Amino acid sequence: MNVTQNTEAQRMSFWERLYIPEIVRGLSITLRQMFKPKFTRQYPEERWEPLGSYRGRPVLVLDEDGERCVACGLCSRVCPALAIEVQAGETERDKERYPVKFEINMLRCIYCGFCEEVCPEEAIVMSKDYELVFEDRESAILDKEHLLVPIHQLQDRLEFLRRYK
Amino acid sequence: MPELAAQVLIALIKAFIVVNAVLLAAASLVYVERRVAAWIQDRIGPNRVGPFGLLQPFADVIKLYFKEDLVPAVADRAYHRLAPLISITVALSLYAVIPIADAVVIGGERVPISVAPHINVGLLYILAMTSLGVYGIVLAGWSSNNKYSLLGGLRSSAQMISYELTLGLSILGVVMVAGTLDLADIIARQKHVWNVVYQPLGFLLFLVASFAETNRAPFDLPEAEPELVGGYHTEYSGMKFGLFFLAEYSNMVVASLMMVTLFFGGWHVPFVPDLPQWLGLREGSLGLALFQAAVTLTKTAFFLFLFIWVRWTVPRFRYDQLMRLGWRTLLPLALVNILLTGVVLLVVNAR
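Sequences listed follow chains A and B, in order. Each step along the first sequence adds one to the number in my numbering, with nothing skipped, and position 9 is 8. Each step along the second sequence adds one to the number in my numbering, with nothing skipped, and position 55 is 779.
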């Protein structure tokens, strides 16, 4: 039997094996830690403001001339989760079509941002809204009334898209 | 026998105050523990219930009361019910002999502060009662009829028996120096020099052993969450679990009080033992008693903080490490400590 032992206990010096100085060192570290600034965000009072790159709830852009959407249906086609339903209608204006019905099922949406990427009119963008709570399945299907958001609230995202898309 | 009736009445009043104070302290300690743990981990901790979250313990206790009290179908119902009662009874009865202040003179009569004052075996009583506390945990583990509970109970009994030896032997040094087992006398003798000066090794051993005795980290193997689910209280819910919880924290308070009493001079102010006299507090007055209680409780609070502080610093021992430390390091050291104390006392007394 010629076994060389190299256990942790043998590698340690006498003072380390006593543990007490090391424990005191550990205690001093945790004590200092107690007075450091805390990371916790007091959520309902202190909210997080996401950056422009954040992909939250998809919304429809509402600019000065009204909604931008021309109801081409590309977003609906590209949506991998089949969350978007668009029904087009005719208008008298230059933009000839508009969505009669535009619904996003938030229970299906996976926040991939494909709809935004494919949109030729920059009419559907991802917002910063991350507080998505619904009391039943019906209210999770958002219609135009809930989707249209004034353009000035979406400036960060539009800027981000212009720069990186 | 009006004399006896009066004594019983006084003891009952004192017991009522002590039990309520202890339960309140134990519940508040849970809040303190959570808060300190949070600070050490760069978090804020409970701060929603009441100002600074101070009402959190009450919310916790109310929640525990309204929880379903579940007893497993395979459990031994009688012992399952008995176990938490043993734990909490033992934990609370320990306070009977601990003096937190000197006696008060009311109507020409000296009224000691503790419930059962001047028991000449006060220290032995405490050691005996803490050993009884094991029964609560072992019974809980066994009667739950659950492997994790049983393992937790087994570990705890092995651990407590191992560390009780060290605990008792480390106290012996103090007893040899003081020459008495009466806690109030031991405090009285520490007026000028605290026992920790005479017994630094004894204090260290007592500190480590009482961490193990109260099942606190780094010796909290009986309830090691990653391996044993909840340990001996896996199958307990509602206020039965709450009783174990309160007993654990109450034991912490006792251990801290014992450290203060035995090693850190009880109610004596450090460096200026005559401070209360300078402040004009008369011997036996209520003001003096309150002052002494405040001193004792401040020192106790420091040791309670130490308990919590260590829990969030030192990782848990492995079972074999625990046993090796107990039997091969602490026990011989305790014996050496007694030997040294005896030799020094002999030399000093011979002169």
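We put the beta carbon where it would ideally sit given N, CA and C, even for glycine. It should be emphasised that the depicted structure is a prediction, and the values quoted were computed from it without experimental measurement.
Give a yes or no on contact between the region 112-125 of chain A and the region 58-72 of chain A, applying the rule of three or more CB pairs nearer than 8 Å. Segments in contact, yes.
I'd like to know whether the C-beta atoms of B/Val862 and B/Ser838 end up nearer to each other than 7 Å. In the second sequence, the residue the question calls residue 862 of chain B occupies position 138. In the second sequence, the residue the question calls residue 838 of chain B occupies position 114. Going by C-beta atoms, B/Val862 is not nearer than 7 Å to B/Ser838.
Looking at chain B, which residues of the region 96-127 of chain A have a Cβ within less than 7 Å of any of its Cβ atoms? Of all residues in the region 96-127 of chain A, none has a Cβ within less than 7 Å of some Cβ in chain B.
With A/Asp142 and A/Arg56 assumed to form a contact (beta carbons below 8 Å), what rounded beta-carbon distance in angstroms separates them? In the first sequence, counting from the first residue as 1, residue 142 of chain A sits at position 143. In the first sequence, counting from the first residue as 1, residue 56 of chain A sits at position 57. Actually they are not in contact, since the Cβ atoms of A/Asp142 and A/Arg56 sit about 14 Å apart, beyond 8 Å.
Please state whether the Cβ-Cβ distance between B/Gly857 and B/Val821 is less than 7 Å. Along the second sequence, read from residue 1 onward, the residue named residue 857 of chain B stands at position 133. Along the second sequence, read from residue 1 onward, the residue named residue 821 of chain B stands at position 97. Result no, Cβ atoms of B/Gly857 and B/Val821 do not sit closer than 7 Å.
State the start and end residues of the unbroken alpha helix (DSSP H) segment that holds B/Ile824. Residue numbering aside, residue 824 of chain B sits at position 100 when the second sequence is read from its first letter. Unbroken run through B/Ile824: none, as it is neither H nor E.
Pick out whichever of A/Glu66, A/Gly112 and A/Trp47 has its Cα sitting closest to the Cα of A/Pro79. As a first step, residue 79 of chain A must be located in the first sequence, where it is residue number 80. Distance from the Cα of A/Pro79 is smallest, within the candidate group A/Glu66, A/Gly112 and A/Trp47, for A/Gly112.
For a contact meaning CB atoms closer than 7 Å, what does A/Ile22 contact in chain B? As a working mapping, residue 22 of chain A is identified with position 23 in the first sequence. Correct list: Val1038.
Cβ of B/Ala735 versus every heavy atom of the ligand MG: is any distance shorter than 6 Å? Within the structure as shown, the ligand MG is missing, as the structure has no ligands at all.
Quick one: does B/Ile786 have its CB under 7 Å from some CB of chain A? By 1-based counting over the second sequence, the position of residue 786 of chain B is 62. With 7 Å as the cut-off, B/Ile786 does not count as an interface residue toward chain A.
Taking only the alpha-carbon atoms, compute the straight-line gap between B/Val917 and B/Ile843 and give it to the nearest angstrom. Counting from one through the second sequence, the residue named residue 917 of chain B turns up at place 193. Counting from one through the second sequence, the residue named residue 843 of chain B turns up at place 119. For B/Val917 and B/Ile843, the gap between their C-alpha atoms comes out near 24 Å.
At least 3 beta-carbon pairs within less than 8 Å: the region 1019-1030 of chain B vs the region 919-930 of chain B: No, the region 1019-1030 of chain B does not touch the region 919-930 of chain B.
Does the distance from the CB of B/Lys915 to the CB of B/His992 come in under 7 Å? For the purposes of this step, residue 915 of chain B is taken as residue 191 along the second sequence, with counting starting at 1. For the purposes of this step, residue 992 of chain B is taken as residue 268 along the second sequence, with counting starting at 1. Contact: yes.
Using alpha carbons as the reference points, say which of A/Thr6, A/Phe38, A/Met33 and A/Pro43 lies closest to A/Glu130. The sequence position of residue 130 of chain A within the first sequence is 131, counting from 1. When each option's Cα is compared against that of A/Glu130, the closest is A/Pro43.
Cutoff 8 Å; reference A/Glu48; Cβ partners in own chain excluding five residues on either side: As a working mapping, residue 48 of chain A is identified with position 49 in the first sequence. For A/Glu48, where only same-chain residues beyond five positions count, the Cβ hits under 8 Å are Lys127.
Kindly indicate which three-state DSSP category A/Met105 falls into: helix, strand or coil? Position 106 of the first sequence, counted from the start, is the residue given in the question as residue 105 of chain A. In the three-state reduction of the DSSP assignment, A/Met105 falls in the coil class, being assigned neither a helical nor a strand state.
With a threshold of 7 Å on Cβ separation, who are the neighbours of B/Glu1007 within its own chain once the five nearest residues in sequence on each side are excluded? Numbered from its first residue, the second sequence carries residue 1007 of chain B at position 283. Taken in chain order, the list of residues that qualify is empty.
If B/Asp800 sits next to B/Ser867, beta carbons under 8 Å apart, how far is it from one beta carbon to the other, in whole angstroms? Here the question's residue 800 of chain B lines up with position 76 in the second sequence. Here the question's residue 867 of chain B lines up with position 143 in the second sequence. Contact between B/Asp800 and B/Ser867 is confirmed by a C-beta separation of about 4 Å, below the 8 Å threshold.
Comparing alpha-carbon positions, which option in B/Glu972, B/Lys871 and B/Phe987 lies nearest B/Thr854? Here residue 854 of chain B is taken as the residue at index 130 of the second sequence, counted from 1. For the set B/Glu972, B/Lys871 and B/Phe987, the Cα lying nearest the Cα of B/Thr854 is the one of B/Glu972.
Given a threshold of 16 other Cβ atoms within 10 Å of its Cβ, counted over all protein chains shown, does B/Trp1036 qualify as buried or as exposed? In the second sequence, counting from the first residue as 1, residue 1036 of chain B sits at position 312. So B/Trp1036 counts as buried.
So that I know if they touch, is there some Cβ in chain A lying closer than 7 Å to that of B/Ile768? For the purposes of this step, residue 768 of chain B is taken as residue 44 along the second sequence, with counting starting at 1. Closer than 7 Å: yes.
Looking at C-alpha atoms only, which residue of A/Glu102, A/Arg46 and A/Gly51 is the closest neighbour of A/Gly72? One-based indexing of the first sequence puts residue 72 of chain A at position 73. Of the residues A/Glu102, A/Arg46 and A/Gly51, the one whose Cα lies closest to the Cα of A/Gly72 is A/Glu102.
Counting pairs of Cβ atoms below 8 Å between the region 894-912 of chain B and the region 979-987 of chain B, do you hit three or more? In the pairwise beta carbon analysis, the region 894-912 of chain B is classified as touching the region 979-987 of chain B: at least three pairs are separated by under 8 Å.
Interface flag, A/Gln32 vs chain B, CB-CB below 7 Å: Counting from one through the first sequence, the residue named residue 32 of chain A turns up at place 33. Yes, its Cβ sits closer than 7 Å to a Cβ of chain B.
I want to verify the contact list: residues of chain B whose CB lies under 7 Å from the CB of A/Thr29, in sequence order. Numbered from 1 along the first sequence, position 30 holds the residue referred to as residue 29 of chain A. Those are Ile764, Trp1033, Trp1036 and Thr1037, listed as they occur along chain B.
Less than 6 Å between C-beta atoms, sequence neighbours within five positions excluded: which residues of the same chain meet that for A/Arg107? Taking the first sequence and counting its residues from 1, the one referred to as residue 107 of chain A is at position 108. Around A/Arg107: Ala80 and Ala82.
When DSSP builds the beta bridges, which residues end up paired with A/Ala87? Mapped onto the first sequence, residue 87 of chain A falls at position 88. A/Ala87 is bridged to A/Pro98.
Could you tell me which chain B residues have their CB closer than 7 Å to the CB of A/Thr39, listed as they occur along the chain? What you label residue 39 of chain A is simply residue 40 of the first sequence in a count that begins at 1. Taking the beta carbon of A/Thr39 as reference, the chain B residues within 7 Å of it are Arg767 and Ile768, listed in sequence order.
So what does DSSP say about A/Asp62, is it helix, strand or coil? Against the first sequence, residue 62 of chain A aligns to sequence position 63. The answer is strand: DSSP assigns A/Asp62 an E or B state.
Which residues in the same chain have their Cβ closer than 6 Å to the Cβ of B/Ala1013, if we skip the five residues on either side of it in sequence? Taking the second sequence and counting its residues from 1, the one referred to as residue 1013 of chain B is at position 289. Excluding positions up to five away in sequence, the list reads Ala825 and Val828.
Can you have a look at B/Asp944 and say buried or exposed, based on whether 16 or more other CB atoms are within 10 angstroms of its CB? Your numbering for residue 944 of chain B matches position 220 in the second sequence. With 16 or more Cβ atoms within 10 Å of its Cβ, B/Asp944 is classed as buried.
Within 10 Å of its beta-carbon, does A/Ile28 have 16 or more other beta-carbons around it, so buried, or fewer, so exposed? Along the first sequence, one-based indexing puts residue 28 of chain A at 29. With fewer than 16 other CB atoms across the displayed protein chains lying within 10 angstroms of its CB, A/Ile28 is exposed.
Whole-Å CB distance - B/Glu937 paired with B/Met976, under 8 Å assumed: Translated into positions along the second sequence, residue 937 of chain B becomes position 213. Translated into positions along the second sequence, residue 976 of chain B becomes position 252. Not really, about 10 Å apart at Cβ, beyond 8 Å.
Is the number of C-beta pairs between the region 28-40 of chain A and the region 763-777 of chain B that are closer than 8 Å three or more? Touching, yes, given that three or more Cβ pairs across the two stretches are closer than 8 Å.
Please go through the same chain and pick out, in chain order, the residues whose beta-carbon is closer than 8 Å to the beta-carbon of B/Phe1031, but skip the five residues on each side of it. For the purposes of this step, residue 1031 of chain B is identified with residue 307 of the second sequence, where counting begins at 1. Closer than 8 Å at Cβ, skipping near neighbours: Phe935, Thr938, Arg940, Met976, Ala979 and Ser980.
Are B/Pro781 and B/Tyr755 close, meaning C-beta to C-beta below 7 Å? Counted from its first residue, the second sequence places residue 781 of chain B at position 57. Counted from its first residue, the second sequence places residue 755 of chain B at position 31. In this structure, B/Tyr755 lies closer than 7 Å to B/Pro781 by Cβ.
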